[in-house]
Every structure is written in C-alpha cells, then in structure tokens.
Amino acid sequence: MSVMSESSAADDRDLALATSLRGLGLLAPRRSAWPELARALAVAAPAAAPRPRYRRRLWQFAAAASAVTVALLLWQPPPAPRVGLDPARSVSTQANALMQESERWERTLRQLEPYSGAVDARSALISAEIEDLIGMTDLQLGAASDPGQMAALWQRRIGLLRRLAEIRTDAAWQQAQPDQQLSMSQFNPTLL
Amino acid sequence: MSTSSFAIELPPHLLARARNGDVHAFEEIYRLFERPVYTLAWRLLNDADEAQETLHDAMLRLFQKLSQFRDEAPFWSWLRQIAVNEALMRLRRRRLIDYTDVLPELVDERTPAALLERHDLAQALAQLPAITRSVVWLFHVEGYSHQEIAQQFGKTESFSKSQLARGTQKLRGLLAPHPEGLAHVGYV
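Chains as they are written, first to last, in this note's numbering: chain A, 12 to 203; chain B, 53 to 240.
What follows is the structure, encoded as structure tokens:
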C-alpha cells in the first residue's frame, strides 16, 4: 500500500471514529439541576460584595513587604481554633465563628503576600489552583441560602486559606533559611 | 457547520430576556443545553456525580456572567467553553491529570459484541486515561482544533496531537478483539 493510500485509510478511520463517537448520543442527568439553580439565582440576584481575590496583587503589598519580613520570620501559625460544625451551637454563632476564622486567615495571608511570588513552580501551580477554588467557593457562597451549606462552604474556604498560608510560610522560611527544609505542616499537623 | 450538540442557535429575544434577568428565559436556556453540558461533562469526567455538579456550576456561572457575553462568538460556543473549563477544573482538582498515566488492562466482561456496539465504544472511551479521553472527545466530537485543545491544557499542539493519536490507537486496540462489532468504523 502506498504512503498516500495508508494516510487516506487512516483519515477514513478517524472520520469513522468521530462519527461513531458522535453517535453515542446525548446523556441525560439523573435529576434536573434547574430547581437548585433557580434557588441559587434567586439568592445571588442582589450583587454580593466581591471578596478579595488573591491572584497576583503583589503591587498592593510591595510597600509593606520590608516591614513585615522580620515579623514573618518569627511568625508562628495561630493555634488554629478549628471551628467545627457542632450541632449544639446555634447556626448564627457557628457562621460568625467561621467568618471570623476566615478573616483571621485572610489577615495572615495579607502578611504573607510578599512571599506569594517566591514559591517554586509546583507550589505556584498549587497556589493558583487553590486561588481558583477560593474564587469558586466565594461564588457558591454568594449563591448559597441554606445555613448548613453555607457553614460547609465557610469551612472549605478556611481550609483553602490555610493551605495557601502553608505554602507561603514554607516560601518565607526557605527564603530566610535556604538550607532548611522546615515546613509549617511539621509543627501544625491540623493543616489540610 | 458544527456537528457539536451544543450548536443550538438561540432566538435573539430569548437571549435578550435572559440578559434582563428573566428567570423563565434562564430556565428555557437551561432546558436547551442541559443534555449537551451534561454529556460533555460526563465524557470528560466519567463520573455521574461530578457531571451533575459540573452541569450545575457551569450553568450558574453562565447565568452570572451573561451580562459579559458580547455576541462576538455564538452563544453556544461561549457556553461550551464555560462547560469545558468547569470540567477541566474538576479534573485538575482530582489530580487526575497525569500525563504519563497508562491505560489499565481491559477487563473483558462484555456480552456478545453485536448487542453492544455503542456500549463497547463508550466503555472503551471510558477506559482511556482522563486526559487522553478529553482530547479525543474535544477533537472528534466537539470539533476543537489542536491549537484550541493545547490552550485548554496549557500545552503545545504536539501534545494534543500525540494524545489524540495515542487515544485513537488505544481505542483501536480495545475494540479490535470484536470483529463483528464496530467493523464499520474501521477497527478490524
């Protein structure tokens, strides 16, 4: 068989494969997503105040970088009062506690922001993914109305913020002591 | 003309109503695109629960971003891009994007092949590594170019081409043992 006809046969096969794959047809979800979407849209309609994004805002923190460097090197992670979903606590108390914990981690991250660019490629990739997930969680929080769901989302947000803080703390340590392999997770095993 | 199942032209008045926040228009759009979005998510993720969540998240994102749609591309291709992004984001979250993963051995539990031509193809597709399967589906079914696929994955065009070639070859291998099945697609 000539090269040309072999190539033509391969093209025919690929065309046939594409046709067969398209022939698999459409799948239907087991349940309609619309009722949940309608609820989410009803809640999200009033524009929620955007929560801070962490993506590449070094310029906002560059001025503060030198001032916090020394403090960061001495920084210990907060004892991490891990707020659980305790059924005995009222919903509003839980929600407030979770929001406060989230704010604490945001403050920590603001301090660590100068180190967000100092991480290796793998950590940068993971950080970017975590930031995306925080954004997605914020989107879901804007749409959530059920207190239980909101509490779970706040928990998730806190977990993501802590992961981000861990990465940046590692970067801060390594920048200060490049020969050390100390990781925040070594002395804070409660991290996700 | 696109052969994608997403290629549904919306009446301009429906889009206008949706842009004005008409929830009934949203619902109409949801009904039109429910199955294409779910199918795409299912084929990329190979998981019913994740496909369901992707359907929800993609549609929510669509409605929340509708004011940003500028008519520069067809509405359906914009929605499809949102759905692809959501599905690939889930793959990344799963850490399933392993560019070196190997195809598992095919467990041949199949009943007579003549009965199951489509099932065989779907099953073979599901056994491809997630990344390979996604490339095969986006190229052959959704009509994305290699360049577009490469952009989705942050890779080069040759990555897309090699994944496609690899996926095609694997599919061929998986389907070959059944001479009576899929003869018409050139795998025997």
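For each residue, glycine too, the CB sits at the ideal point set by N, CA and C.
Could you tell me which of the options sits nearest to residue i, measuring between CA atoms?
i	options	result
B/Glu-80	A/Thr-180, A/Leu-37, A/Ser-43 and A/Gly-36	A/Ser-43
B/Ile-60	B/Phe-191, B/Trp-128 and B/Trp-189	B/Trp-128
B/Leu-114	B/Glu-138, B/Asp-101 and B/Thr-91	B/Glu-138
B/Arg-224	B/Asp-172, B/Leu-112 and B/Tyr-90	B/Asp-172
A/Pro-158	A/Thr-104, A/Leu-123 and A/Met-147	A/Thr-104
A/Ala-106	A/Thr-180, A/Trp-165 and A/Glu-177	A/Trp-165
B/Gln-204	B/His-192, B/Gln-179, B/Ser-56 and B/Ser-186	B/Ser-186
A/Asp-149	B/Leu-112, B/Arg-218, B/Tyr-82 and B/His-76	B/Leu-112
A/Pro-125	A/Arg-33, A/Leu-38, A/Ile-178 and A/Ala-27	A/Ile-178
A/Ile-141	A/Arg-118, A/Thr-180, A/Gln-122 and A/Gly-170	A/Gly-170
A/Arg-118	A/Ser-138, A/Ile-137, A/Ala-176 and A/Ala-139	A/Ala-176
B/Gln-133	B/Gln-116, B/Pro-181, B/Ala-182 and B/Leu-190	B/Leu-190
B/Pro-181	B/Gln-116, B/Arg-218 and B/Gln-120	B/Arg-218
Write down the C-beta distance between residue i and residue j rounded to the nearest angstrom, noting that I regard them as a contact closer than 8 angstroms.
i	j	result
B/Phe-78	B/Ala-70	6 angstroms
A/Ser-134	A/Leu-172	At roughly 16 angstroms, the Cβ-Cβ gap does not stay under 8 angstroms, so A/Ser-134 and A/Leu-172 are not in contact.
Can you check whether the CB of residue j is closer than 9 angstroms to the CB of residue i?
i	j	result
A/Pro-40	B/Gln-104	yes
B/Ala-176	B/Leu-226	yes
A/Ala-51	A/Ser-156	yes
A/Ala-162	A/Leu-109	yes
B/Ala-135	B/Leu-92	yes
B/Phe-58	B/Leu-131	yes
Could you tell me the distance, in whole angstroms, from the CA atom of residue i to the CA atom of residue j?
i	j	result
A/Leu-35	B/Glu-86	17 angstroms
B/Arg-122	B/Val-188	30 angstroms
B/Leu-118	A/Asp-25	36 angstroms
B/His-65	B/Asp-74	11 angstroms
B/Leu-62	B/Leu-84	9 angstroms
B/Tyr-90	A/Ala-183	43 angstroms
A/Arg-168	A/Gln-151	11 angstroms
B/Thr-184	B/Thr-208	14 angstroms
B/Pro-88	A/Asp-143	25 angstroms
B/Ala-228	B/Ala-202	29 angstroms
A/Trp-116	B/Asp-109	26 angstroms
A/Ala-29	B/Ser-56	11 angstroms
B/Ala-178	A/Leu-32	12 angstroms
B/Glu-161	B/Arg-170	Caution applies to B/Glu-161, whose pLDDT of 40 falls short of 50 and renders its modelled position unreliable; the value that the coordinates give is listed next. Using only the alpha carbons, I get a separation of about 15 angstroms.
B/Lys-222	B/Leu-216	10 angstroms
B/Glu-102	A/Ala-53	24 angstroms
B/His-76	B/Tyr-82	10 angstroms
B/Gly-206	A/Ala-139	14 angstroms
A/Asp-181	A/Gln-160	32 angstroms
A/Ile-145	A/Ile-137	12 angstroms
B/Val-193	A/Arg-174	38 angstroms
A/Asp-111	B/Gln-116	As written in the sequence, residue 111 of chain A is Gln, which differs from the Asp given in the question. Computed Cα separation, rounded: 27 angstroms.
B/Thr-268	B/Asn-72	Outside the displayed range of chain B (53 to 240) lies residue 268 of chain B, so it cannot be described from this structure.
A/Leu-37	A/Leu-123	48 angstroms
B/Gln-120	B/Ser-54	24 angstroms
A/Ala-27	A/Met-147	39 angstroms
Going by the C-beta, is residue i closer than 8 angstroms to any heavy atom of the ligand GTP?
i	result
B/Pro-126	Among the components of this structure there are no ligands whatsoever, and the ligand GTP is therefore not found.
Starting from residue i, find everything on chain C with Cβ-Cβ shorter than 9 angstroms and list it in chain order.
i	result
B/His-108	Absent here is chain C; the protein component of the structure consists of chains A and B.
ask   = Should the segment 185 to 197 of chain B be called in touch with the segment 212 to 225 of chain B, which here means at least 3 C-beta pairs below 8 angstroms?
value = yes
ask   = Are the segment 130 to 149 of chain B and the segment 90 to 99 of chain B touching, with three or more C-beta to C-beta distances below 8 angstroms?
value = yes
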